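Following: one structure in structure tokens, then a few remarks.
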Amino acid sequence: MSDNHAPLETTQDAVPSAVAGTVPGVAPAIPQPSGSASKKPSTFLRVSIILLIGLTLASISLLFIGDFEGRFERVFSTFALFAVFVLLTAVDTNRERVSEWYAPVALIANTYILGLLLVVIWMTPYTSYGLILEIFWKSFFVIIVTRLVILCCEVLLRLGKANDDAGNSFAFITSVLAVLSGILFTAPVGIEAFNLRVPDLYWKIATAVLILTALGLSVTLLLRWANNSDERAAKRAAATAARAVADGQALAPAPFQGGAQLPASDSVHAEQPAQPASPQPSSPGAPAAGQEQVVLLPWPTFADGRPIPARPDGQPDFSVPGAPLPPQQ
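For what it's worth, UniProt numbering labels the leading residue of the sequence shown as 1, then goes sequentially.
Next comes the structure, spelled out in structure tokens:
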């Protein structure tokens, strides 16, 4: 007996689940995610963590090289720098799917910021009141310049189109020059921490690269503008055509007959009767046999010439204030 009832119980248990998926108003069972499945971090995040660990271990060696005075300022600045690195990495992790090149460029930029500022924090000579301020403005300068370079590269490369080969080439060259210019202008911040003097030739080269970056940016924008000229012309033509269609759809008031409204086609022919090929003498006031003479009246207007409104049936509404009297039949 137990063997005979086992299949029946299985069938009865399967019926509600099948009904829940077919009957309207009954929600199907939602599969619950298993707790054992764990989400793996992205490659960008894993590499960032590895670089953070490596640079932190490398910065420990600076404790035995640099000046250990001002321990509180240096340790506090290090923790603040780690917090900034984590924040930038989190932002870049959410944006790494924007394009293929963004993740490696952002990774290199964040690593450059972290490494350079660790040198600034632990190698800057100690001063009684100026150490924390010097670390702050140098860190702010490096972070702002580096992130602006990334933003410039992103804007230049994102605006490119597949059919604009010249613009894409200049955008790539300009991006490389922008990165090089950012490095040349921020690297002296770390070089001066070792009490080394940056020669004038270095600044001349950095300025020349910056000018070339501005030139590449100007050429890229001009090429982008020229490439989009056809698209702008098409938009203007479409807007002009849309305005013309909208103006042509304005409907004039329909003419009315003494007691009934004529169709649109009949009213047009009635207002513009066809001229006979040759004039035929006819007695005025004698309509043709079997035909009813149709008398068309102009649409009534107010005293100032404005047409009076129409009723729902299409006839003039003589009940509005200021309307003339209806014609007498």
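For each residue, glycine too, the CB sits at the ideal point set by N, CA and C.
Model, not experiment: these values are computed from the prediction.
Sort L201, T127, S319 by Cα distance to E73 and report the nearest one.
Counting from one through the sequence shown, the residue named residue 73 turns up at place 73. Ranking the options by Cα distance to E73, first place goes to T127.
Along the chain, where does the alpha helix (DSSP H) containing I143 start, and where does it finish?
Indexing the sequence shown from 1 puts residue 143 at position 143. Taken as a continuous stretch (DSSP letters only), the alpha helix (DSSP H) holding I143 covers 131-158.
P324 (DSSP reduced to helix, strand or coil):
By 1-based counting over the sequence shown, the position of residue 324 is 324. In this structure, P324 counts as coil in the three-state DSSP scheme.
Give the secondary structure of L196 by DSSP, where H, G and I count as helix, E and B as strand, and everything else as coil.
Within the sequence shown, the letter at position 196 stands for residue 196. Here L196 sits in coil by DSSP.
Along the chain, where does the alpha helix (DSSP H) that runs through T186 open and close?
Along the sequence shown, read from residue 1 onward, the residue named residue 186 stands at position 186. Run containing T186: 165-191, per the alpha helix (DSSP H) assignment.
If we define contact as Cβ-Cβ less than 9 Å, is R236 a contact residue for chain C?
The chain labelled as chain C is not found in the depicted structure, where only one protein chain is given.
Taking only the alpha-carbon atoms, compute the straight-line gap between F170 and G70 and give it to the nearest angstrom.
Within the sequence shown, the letter at position 170 stands for residue 170. Within the sequence shown, the letter at position 70 stands for residue 70. If you take the alpha carbons of F170 and G70, they lie about 47 Å apart.
What residue range is occupied by the uninterrupted alpha helix (DSSP H) comprising S48?
Translated into positions along the sequence shown, residue 48 becomes position 48. Unbroken alpha helix (DSSP H) run through S48: 43-60.
Considering only residues of the same chain and omitting the five flanking positions on each side of L107, which have a CB-CB separation below 7 Å?
Against the sequence shown, residue 107 aligns to sequence position 107. Closer than 7 Å at the Cβ level, and outside the excluded window around L107, lie F44, V47, S48.
With a 10 Å radius around its C-beta and 16 neighbouring C-beta atoms as the bar for buried, classify D92 as buried or exposed.
Residue 92 sits at position 92 when you count from the first residue of the sequence shown. So D92 ends up on the buried side.
Give the single residue among G54, A244, L118, T89 whose Cα lies nearest to the Cα of V105.
Working through the sequence shown from its first residue, we reach residue 105 at position 105. Distance check between V105 and each of G54, A244, L118, T89 places T89 closest, using alpha-carbon atoms only.
Mind the definition here: the stretch 175-190 touches the stretch 228-244 only if three or more C-beta pairs lie below 8 Å; say whether that holds.
Too few Cβ pairs lie closer than 8 Å, so no.
Assuming contact is defined by CB atoms lying nearer than 9 Å, are T78 and L118 in contact in what I supplied?
Counting from 1 along the sequence shown, the entry for residue 78 is found at position 78. Counting from 1 along the sequence shown, the entry for residue 118 is found at position 118. Contact flag set, yes.
What are the boundary residues of the alpha helix (DSSP H) that includes F76?
Locating residue 76 in the sequence shown gives position 76, counting from the first residue. Here the alpha helix (DSSP H) through F76 covers 71-94.
What's the C-alpha gap between L81 and L196?
The residue labelled residue 81 in the question sits at position 81 within the sequence shown. The residue labelled residue 196 in the question sits at position 196 within the sequence shown. Each residue's Cα considered, the two are about 24 Å apart.
Buried versus exposed, by CB contacts within 10 Å (16 or more), W122
Indexing the sequence shown from 1 puts residue 122 at position 122. Flag for W122 reads buried.
Terminal residues of the alpha helix (DSSP H) in which L117 lies
Position 117 of the sequence shown holds residue 117. That run of the alpha helix (DSSP H) goes 102-123.
Are the stretch 137-145 and the stretch 202-220 touching, with three or more C-beta to C-beta distances below 8 Å?
no
Just verifying my parser: in three-state terms, what is the DSSP assignment at L212?
Start at 1 with the first residue of the sequence shown, and residue 212 comes out as number 212. Three-state result, L212: helix.
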